[in-house]
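Below is one structure, written out as structure tokens; comments come after it.
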Amino acid sequence: MTVTKGIRVLILDIDGTIAGRSNQVSQAVRQAIKQAQAKGIMVGLATGRMFCSAKAFHEAIGADLPIIAYNGAWVQRVDTGEMLLHQPVHKNIAQELVQYFRQQQQENELDIHLYYDDQLYVENFNEKTDFYVQRSGIDYNLVERLEDLLDNHPTKILAQSPDSDLITYLLEDLQRRYPPEKVFLTQSNPVYLEATRANVNKGSAVKYLVEKILDLKPENVMAIGDNLNDYTMLKYAGFSVAMGDAPAEVKAIASAVTDDVENDGVAKAIQEYLL
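Under the numbering used here, the letters of the sequence shown match residues 775 to 1049, in that order.
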């Protein structure tokens, strides 16, 4: 059932959308993407991951478009390496956020990640950080004090805790303190809290890519995602699909809901709406 005749662009999230527990893209999803491309549809990724981490997935699916990384703060071509857009967090806000997370660390288990020049900086290498690094397929830089890096503008700041209730509380508390015009706060996972520059998110980056680079419109875009950091992208797209296990507020704004990642929800959505 093709219901999306004007679609020229398909934007996909990675984790929980095209990559599940295995951290791989299934044959069914790769095949469906190829079929969409055969119809002239351009495919791209929009992820909270680092650019260097997203490249393997870009290659695995044979994506056509520049990668949107760091929840929209970084847009870069893979073929030429050209940086199209980089919007880091202002250093003053970064300093405030790190100080805030420091206070939380006194009573809670919380790790802070800083990202500069597509590299990860951490103070502690523990089991949680090891899992993050292994899944992301990246290296890391161990530093004594993250504060020593804060003369620069980080691309993204991430706080990680095994306590998802703590992350929810911190997100809500910070959103009360900082409106989106100061810093954009979101989650790609219940145990991650992610901060990017004011009004910088997947939606703003997809809009930039579609309208400024491709000279197309929202109605030419189909987007698929599974979590809160996909919300703005799904709102922007002319046709949006939420994964089957997405939070209720994400499903509520989507044009359609598909199966979850473990059951090839992306392949099913492409088959149903694009082919």
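From the three backbone atoms N, C-alpha and C, an ideal C-beta is built for every residue, glycine too.
Beta-carbon spacing of residue i, residue j below 8 angstroms
i: LEU871; j: ALA802; result: no
i: ILE785; j: PHE831; result: no
i: TYR895; j: VAL917; result: yes
i: LYS956; j: ASN845; result: no
i: VAL980; j: ILE835; result: no
i: ALA933; j: LEU967; result: yes
i: ALA1011; j: ALA997; result: yes
i: VAL849; j: LEU990; result: no
i: ASP891; j: MET824; result: no
i: VAL863; j: ASP838; result: no
i: MET1017; j: THR821; result: no
i: GLU1046; j: GLY794; result: no
i: VAL1040; j: ALA806; result: yes
i: ILE1001; j: ARG909; result: It is worth fixing the name first, because residue 1001 is Asn in this sequence and not Ile. No, they are not a contact pair.
i: SER938; j: VAL965; result: yes
Cβ distance (whole Å) where residue i is taken to contact residue j below 8 angstroms
i: VAL995; j: VAL783; result: 5 angstroms
i: LEU959; j: LEU945; result: 6 angstroms
i: PRO1003; j: GLN961; result: A small fix is needed here, since residue 1003 is Asn in this sequence, not Pro. The pair is a contact, with the Cβ atoms about 6 angstroms apart (cut-off 8 angstroms).
i: ASP1034; j: LYS1042; result: So it is not a contact: roughly 10 angstroms between Cβ atoms.
i: ALA868; j: LEU924; result: 6 angstroms
i: CYS826; j: ILE886; result: About 20 angstroms separates the two Cβ atoms, so there is no contact after all.
i: GLN861; j: ARG971; result: 5 angstroms
i: LYS1009; j: ASN926; result: Contact flag wrong, Cβ pair sits at about 31 angstroms.
Buried or exposed by the 16-neighbour rule on C-beta atoms within 10 Å, applied to residue i
i: LEU1049; result: exposed
i: LYS779; result: exposed
i: PRO928; result: buried
i: SER978; result: buried
i: ASN915; result: exposed
i: SER1014; result: buried
i: LYS930; result: buried
i: PRO936; result: exposed
i: ASN898; result: exposed
i: THR1069; result: Nothing in the structure corresponds to residue 1069, since the chain is present only between 775 and 1049.
i: PRO840; result: buried
i: PHE875; result: buried
i: ASP1038; result: buried
Assigned secondary structure, residue i (DSSP; H/G/I helix, E/B strand, else coil)
i: THR844; result: With the sequence shown as reference, residue 844 is identified as Tyr, and Thr is not the correct amino acid for it. TYR844: helix per DSSP, three-state reduction.
i: THR960; result: strand
i: THR903; result: helix
i: GLY814; result: coil
i: ARG971; result: strand
i: TYR895; result: strand
i: LYS991; result: coil
i: LEU924; result: coil
i: TYR914; result: coil
i: TYR952; result: coil
i: LYS930; result: strand
i: GLY999; result: strand
i: ALA820; result: strand
i: HIS832; result: helix
i: LEU1048; result: coil
i: GLN908; result: helix
i: ASP885; result: strand
i: MET1017; result: coil
i: LYS941; result: Per the sequence shown, residue 941 should be read as Ile rather than Lys. ILE941: helix per DSSP, three-state reduction.
i: VAL965; result: coil
i: LEU839; result: coil
i: GLN850; result: strand
i: VAL872; result: helix
i: VAL863; result: coil
Within-8 angstroms CB hit, residue i to chain C
i: VAL974; result: Protein chain content of the structure displayed is limited to a single chain, and chain C is not contained in it.
Any non-hydrogen atom of the ligand NAP closer than 7 angstroms to residue i Cβ
i: ILE998; result: The ligand NAP is absent from the structure shown, which contains no ligand whatsoever.
- Message: For the structure I just gave you, are there three or more beta carbon pairs, one from the stretch 869-884 and one from the stretch 850-857, closer than 8 angstroms?
- Response: No, the stretch 869-884 is not in contact with the stretch 850-857.
- Mind the definition here: the stretch 803-817 touches the stretch 1020-1029 only if three or more C-beta pairs lie below 8 angstroms; say whether that holds. Segments in contact, no.
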